[in-house]
Amino acid sequence: MNKKITGIRGMSDLLPDETPLWQFVEGVLRRIAAGYGYREFRVPVVERSELFKRSIGEVTDIVEKEMYTFEDRNGESLTLRPEGTAGIVRAAIENGLLHNQKQKLWYTGPMFRYEKPQKGRYRQFHQFDVEVFGYDGPDIDAELILMTARMWQELGIKDVELQLNSLGTPASRTAYRDRLVEYFAAHRDSLDDENRDRLHRNPLRLLDSKLPEMQPLIAAAPQLTDSLDTVSAEHFAGLQELLTAAGVVFSLNPRLVRGLDYYTRTVFEWVTDKLGAQGAVCAGGRYDGLVEQLGGRPTPAIGWAMGLERLIEMVKLAETPVPAGNPDVYLVAVGEAAGRQALLLAEDLRTALPQYGIEVNAGGGSFKSQFKRADKSGARLAVILGADELANEQAGLKNLRHETEQQTVAWQDLIAAIDGELTTD
RNA sequence: GUGGGUGUAGCUCAGCUGGUAGAGCCCUGGAUUGUGAUUCCAGUCGUCGCGGGUUCGAGUCCCGUCUCCCACCCCA
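Dropping the structure here:
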């Protein structure tokens, strides 16, 4: 035997036993997004490296040490997308979707970050994202959050909590940044090397530090909310009012700053304590300056992203019932002639009853072994074809989930009999 | 990148102080000459993560390396 080739670290295979759960979750998200009037957008997983540097920010961890960046055969620097927003903004500008238009969009797919794998954190992971362009008021901020709340409800997820903050405009954010640098610089001695480094590179991130000895310092730091400009403050108040009216419970977290540079004004996170150290299940916010920064006209924008792996874990914990994806009918056919006939019969059944899944036994086997497979397939009904049935142009019909007596049905009556049995079931 | 744990059959795991591997599940066949999910019987499945070292002898001890898990960091 040759040496095994293994998969890539942090990139997992999704086995057939797990895909029904994924399909269920993705289906709920798609349906709800479409129901709110959002349309799907699909863009490539590879973009020019420059795109992410300019949008996410040069000094963020993502850009500095987590990107899968490589040169293609032309010597161009390309990067596997570490997040989705940048590519969507690029493509929306490039295709004219933002030219005197508003857009409500969603998309889903794999993202790539070179991190050390951990619970809820992988090198290839999947997101479901929503992005909105051209809406300035807090009503759309509220709608985005209401949409996520509905998603939790339909997925059966309970242990999540909404945290809100406002980062203000770029100008008020810069003003706050300066105050913060001043404050922490005065306490320089109590910072470790890493945080001292951050002080100049990305001071807002200091507020996120989990170091226990940092906590008193952070608690006493100037609050971003106090530096907020009036327009942002009004917007933020408007959002809170709408959420309260809609019955959405939230808490204000003045230290919620987000790790990507492009966020402005509203930011929010749905967090949980059920997933180990990775608490954010869904996060997002406004990025009013990004479109312009990437070469488009000034356009207000807001979006959020859900981590599907984390979402799936939450759905598992909630034990939400998931449709199994079994066939409804399993054709048992013993003998070569019966096997041939079963294949044809099954095609007729599929044409007449497209709403049902119909699996035909393949690979032969005794009645006993074929019934075992029928049971394992999860089918509710077995259609039986042996030499006797073949000779009489009949089939046996057995309900595998109830103790009812097996029927014998003529081929021309089979469609009606199966339909009857499955609908009364 | 740093730290802790881990790796034995397809899966879940046992294997005491070194003497060339075992259980349950799964799968296959049978008990029942054409009927599953229960029961009973039988059978298949392993370069013991990989490489090196110590030893007469290594799944077991030592070193290296990789995987997976968890935490730091960071984030969805």
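So the numbering used here is basically just the index in the first sequence, starting at one, shifted up by 15. Where is the CB? At the ideal position from N, CA and C, for every residue including glycine. Nothing here was measured: the structure is a model prediction, and the numbers come from that model.
Asked                                                                                                        : Found
Environment of R441 [buried if 16+ CB atoms lie within 10 Å]                                                 : Only positions 16 to 440 of the chain appear in this structure, which leaves residue 441 out of reach.
Spatial distance of D276 from S392 (CA atoms)                                                                : 50 Å
Limits of the alpha helix (DSSP H) - the one that S384 falls within                                          : F382 to S392
Secondary structure of I433, DSSP reduced to three states                                                    : helix
Residue nearest to Q116 in terms of C-alpha spacing, selected from P315, L412, N407 and L346                 : P315
Straight-line Cα distance separating P125 from L412                                                          : 44 Å
Alpha carbon of M16 to alpha carbon of S64, nearest angstrom                                                 : Note that M16 has pLDDT 47, beneath the 50 cutoff, so the model's placement of it is unreliable and the number below is only indicative. Near 41 Å, if we compare the C-alpha coordinates of S64 and M16.
Contact set for T423: own chain, Cβ-Cβ below 7 Å, skip 5 residues either direction                           : Q409 and G411
Straight-line gap, D151 to D303 (C-alpha atoms, nearest Å)                                                   : 9 Å
Segment limits, beta strand (DSSP E) that includes S92                                                       : S92 to L95
Distance CB(L450)-CB(Y371) smaller than 9 Å                                                                  : Any question about residue 450 goes unanswered here, given that the chain covers just 16 to 440.
Local Cβ density within 10 Å of G183, reported as buried at 16 or more and exposed below that                : buried
Any 3 or more C-beta pairs closer than 8 Å across the segment 200-213 and the segment 273-288                : no
Contact between the segment 183-197 and the segment 237-248 (3+ Cβ pairs under 8 Å)                          : yes
Assigned exposure category for N376 - 16 Cβ within 10 Å defines buried                                       : buried
Backbone CA spacing between P269 and D174 [nearest angstrom]                                                 : 22 Å
Bounding residues of the beta strand (DSSP E) (the contiguous stretch that carries F127)                     : Q118 to F127
Extent of the continuous alpha helix (DSSP H) to which G50 belongs                                           : T34 to G50
L221 classed as buried or exposed, judged by whether at least 16 other C-beta atoms fall within 10 angstroms : buried
Backbone secondary structure at F148 - three-state DSSP                                                      : strand
Residue from I160, N341 and L290 whose Cα sits closest to the Cα of L257                                     : I160
According to DSSP, residues forming a beta bridge with N341                                                  : None; N341 has no bridge partner.
For I20, three-class secondary structure by DSSP                                                             : coil
Proximity of M166 and L44 at Cβ, strictly below 9 Å                                                          : yes
Strand pairing of I317, partner residues [DSSP]                                                              : V147 and R301
Reference L346, options R388, R416 and E328, closest by Cα                                                   : R388
Three-state secondary structure (DSSP) of T75                                                                : coil
Reduced DSSP secondary structure (H/G/I, E/B, other) of E62                                                  : strand
Y137 in three-state terms, based on DSSP                                                                     : coil
CA nearest to the CA of R312, picked from L36, T100, G50 and L113                                            : L113
Beta-bridge pairing of V196 - partner residues as DSSP gives them                                            : Answer is none; V196 lacks a bridge partner.
In DSSP terms, what Q230 is bridged to                                                                       : According to DSSP, Q230 bridges with nothing at all.
Sub-9 Å separation of F251 and L177 beta-carbons                                                             : no
Run of the beta strand (DSSP E) containing W285, from where it starts to where it stops                      : T279 to V286
CA-to-CA distance, V263 to Q255, given in whole angstroms                                                    : 9 Å
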